[in-house]
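Residue numbers (my numbering), protein chains in the order written: chain S, 1228 to 1426; chain Y, 483 to 547. Every residue gets a Cβ at the ideal spot worked out from N, C-alpha and C, and that includes glycine. Single-structure report; data block below.
Structural data, given as structure tokens:
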């Protein structure tokens, strides 16, 4: 008799668990759809500016989907319900990073051409010199000339990257131009501007 | 004597030289370019303050292109 009651209790508990889980199926499905839409909307821009954070949100979405596939609806619901807010945070982080990079680009776009122009002017004059100044031998001067050609090209590439909407790449290239231009100026016995000195 | 510009535009890449006693444009040109005969480049870059390449004053700040 006791065994019979125990069996019924086990079956009832099992049925309650199944019913509880099934009850969460629709909300979980809706939460997953909302999460997918939110992540999808934020992803493209975020991937450009905060790729590390995108991975975390994508992993969370995948975990929610996996739980749903395994019919673990309550778990799927819990995993998915916070994702729209996380996607919003992702979009905010991407916007903040984009603003920071744009500011950095604008500063360098205003300043780097002055450095490149100063180097070009000095290289043009030194190319006409019958003898190089002290502390500048022919090899160093040739290195500076090829460096000038290199930064001129990289600066053009940076401008194209910015025009193409790839601000992170544009800023990376501009930083490379800044470092190389400062190095060339030092080689030529020139003072690099304050903004180009290592902090 | 080379001088760094203080304040103002942090990207200003103008190169300056403060004239010392006994210096001439020829001598300054030799210092920066290795060739005194290029002194005209410095004269041309400073025509707002120089009217004669043979007349420079101690303490004058010259642009070195």
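Beta-carbon proximity check, residue i vs residue j, cutoff 9 Å
{"i": "residue 1332(S)", "j": "residue 1398(S)", "result": "yes"}
{"i": "residue 512(Y)", "j": "residue 518(Y)", "result": "yes"}
{"i": "residue 1406(S)", "j": "residue 1396(S)", "result": "no"}
{"i": "residue 1258(S)", "j": "residue 1303(S)", "result": "yes"}
{"i": "residue 1272(S)", "j": "residue 1312(S)", "result": "no"}
{"i": "residue 1409(S)", "j": "residue 1424(S)", "result": "yes"}
{"i": "residue 491(Y)", "j": "residue 1420(S)", "result": "yes"}
{"i": "residue 523(Y)", "j": "residue 547(Y)", "result": "yes"}
{"i": "residue 1314(S)", "j": "residue 1266(S)", "result": "yes"}
{"i": "residue 1285(S)", "j": "residue 1270(S)", "result": "yes"}
{"i": "residue 1375(S)", "j": "residue 515(Y)", "result": "no"}
{"i": "residue 1372(S)", "j": "residue 1388(S)", "result": "no"}
{"i": "residue 500(Y)", "j": "residue 529(Y)", "result": "no"}
{"i": "residue 497(Y)", "j": "residue 545(Y)", "result": "yes"}
{"i": "residue 1416(S)", "j": "residue 493(Y)", "result": "no"}
{"i": "residue 1261(S)", "j": "residue 1301(S)", "result": "no"}
{"i": "residue 1288(S)", "j": "residue 1263(S)", "result": "yes"}
{"i": "residue 1367(S)", "j": "residue 1329(S)", "result": "no"}
{"i": "residue 495(Y)", "j": "residue 1325(S)", "result": "no"}
{"i": "residue 507(Y)", "j": "residue 1356(S)", "result": "no"}
{"i": "residue 1378(S)", "j": "residue 1343(S)", "result": "yes"}
{"i": "residue 1422(S)", "j": "residue 1334(S)", "result": "yes"}
Residue i: first and last residue of the uninterrupted alpha helix (DSSP H) it sits in
{"i": "residue 500(Y)", "result": "Residue 500(Y) -> not in any alpha helix (DSSP H); beta strand (DSSP E) instead, spanning 498–500."}
{"i": "residue 543(Y)", "result": "First-last for residue 543(Y): 543–545, but that is the beta strand (DSSP E), not the alpha helix (DSSP H)."}
{"i": "residue 1380(S)", "result": "1365–1390"}
{"i": "residue 1402(S)", "result": "1394–1414"}
{"i": "residue 529(Y)", "result": "Looking at the DSSP string, residue 529(Y) is not in any alpha helix (DSSP H), and its letter there is neither H nor E."}
{"i": "residue 1351(S)", "result": "1310–1355"}
{"i": "residue 1254(S)", "result": "1252–1276"}
{"i": "residue 507(Y)", "result": "507–515"}
Beta-carbon separation (whole angstroms), residue i vs residue j, contact threshold 8 Å
{"i": "residue 1346(S)", "j": "residue 1411(S)", "result": "5 Å"}
{"i": "residue 1307(S)", "j": "residue 1318(S)", "result": "Not really, about 18 Å apart at Cβ, beyond 8 Å."}
Q: Could you list the residues in the segment 514–539 of chain Y with a C-beta less than 8 Å from some C-beta on chain S, going in chain order?
A: Flagged, chain order: 514, 515, 516, 517, 519, 520, 523.
- prompt: Going along the chain, which residues of the segment 1344–1375 of chain S sit with their C-beta nearer than 9 Å to a C-beta in chain Y?
  reply: Identification of residues in the segment 1344–1375 of chain S having a C-beta nearer than 9 Å to some C-beta of chain Y yields 1344, 1345, 1346, 1348, 1349, 1351, 1352, 1353, 1355, 1356, 1357, 1358, 1359, 1360, 1361, 1363, given in sequence order.
Practice problem: May I ask you to list, following chain order, the residues of the segment 493–507 of chain Y that have a beta carbon less than 9 Å from some beta carbon of chain S? | Solution: Within the segment 493–507 of chain Y, the residues whose Cβ lies closer than 9 Å to some Cβ of chain S are 493, 494, 495, 496, 497, 498, listed in chain order.
message = Tell me which residues of the segment 1309–1342 of chain S have at least one Cβ-Cβ distance to chain Y shorter than 7 Å, keeping chain order.
response = Going along the segment 1309–1342 of chain S in chain order, one finds 1337, 1338, 1341, 1342 with a Cβ nearer than 7 Å to chain Y.
**Interface residues of the segment 1394–1416 of chain S facing chain Y [CB-CB below 8 Å]** = Answer set for the segment 1394–1416 of chain S: 1412, 1416.
Q.
Please identify, using Cβ separations under 9 Å, the residues of the segment 1257–1273 of chain S that lie next to chain Y, in order along the chain.
A. Across the segment 1257–1273 of chain S, no CB contact with chain Y closer than 9 Å is found for any residue.
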